[in-house]
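**Student:** Have a look at this one.
Numbering (UniProt numbering), first residue to last: 1 to 116.
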């Protein structure tokens, strides 16, 4: 009987164990959010991207992470995509593809210059 209780404790979710996560928290057009916030134990990190517009990042109760509920919470946003995640700072902006391409081109140019 004790083994069952011990294994049940090991399978607790973050909400059950009382641990909390950190999320980025901002509203902007650039995607370069640096402001961080400590969330409550039952929160997830939300990234909501308005089609052709603003990106919202914040803590959000994990149970509210559904399209219908988000539509009610963000009535000013008519069309959006969203993602909820539950690890520290998981709602960061993706790395810039343009920056990666520029870095690659610069490396190739330097190699070419050194060879010639």
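All C-beta atoms in this analysis are idealised placements derived from N, C-alpha and C, irrespective of residue type, glycine included.
Looking at the secondary structure, which residues open and close the alpha helix (DSSP H) in which residue 70 lies?
**Tutor:** Here residue 70 corresponds to residue number 70 of the chain shown, with the count starting at 1. Counting along the chain, the alpha helix (DSSP H) containing residue 70 begins and ends at 67-73.
**Student:** Do you know whose CA, among 88, 89, 71 and 76, lies nearest residue 82's CA?
**Tutor:** The sequence position of residue 82 within the chain shown is 82, counting from 1. Measuring from the Cα of residue 82, the nearest candidate turns out to be 71.
**Student:** Our contact map puts residue 51 next to residue 37 with C-beta atoms below 8 Å; I'd like the distance itself, whole angstroms only.
**Tutor:** Translated into positions along the chain shown, residue 51 becomes position 51. Translated into positions along the chain shown, residue 37 becomes position 37. 25 Å between Cβ atoms; not a contact.
**Student:** Taking only three categories from DSSP, how would you classify residue 56?
**Tutor:** One-based indexing of the chain shown puts residue 56 at position 56. Three-state result, residue 56: strand.
**Student:** By a C-beta neighbour count over all protein chains shown, 10 Å radius and 16 as the cutoff for buried, is residue 56 buried or exposed?
**Tutor:** The residue labelled residue 56 in the question sits at position 56 within the chain shown. Burial call: buried.
**Student:** Going by beta-carbon coordinates alone, are residue 43 and residue 62 separated by less than 8 Å?
**Tutor:** Your numbering for residue 43 matches position 43 in the chain shown. Your numbering for residue 62 matches position 62 in the chain shown. Taking 8 Å as the Cβ cut-off, residue 43 and residue 62 qualify as a contacting pair.
**Student:** I think residue 84 touches residue 46, with their Cβ atoms under 8 Å apart; what is that distance to the nearest whole Å?
**Tutor:** Locating residue 84 in the chain shown gives position 84, where the first residue counts as 1. Locating residue 46 in the chain shown gives position 46, where the first residue counts as 1. About 5 Å; that satisfies the 8 Å criterion.
**Student:** Using 10 angstroms around the beta-carbon of residue 24, count the other beta-carbons present and answer buried if the total reaches 16, otherwise exposed.
**Tutor:** In the chain shown, counting from the first residue as 1, residue 24 sits at position 24. Buried.
**Student:** Where does the unbroken beta strand (DSSP E) through residue 42 begin, and where does it stop?
**Tutor:** Within the chain shown, numbered from 1, the residue matching residue 42 stands at position 42. Unbroken run through residue 42: none, as it is neither H nor E.
**Student:** Taking 8 Å as the threshold (C-beta atoms), are residue 80 and residue 49 in contact?
**Tutor:** Taking the chain shown and counting its residues from 1, one reaches residue 49 at position 49. Taking the chain shown and counting its residues from 1, one reaches residue 80 at position 80. Their beta carbons are under 8 Å apart, which means residue 49 touches residue 80 by this criterion.
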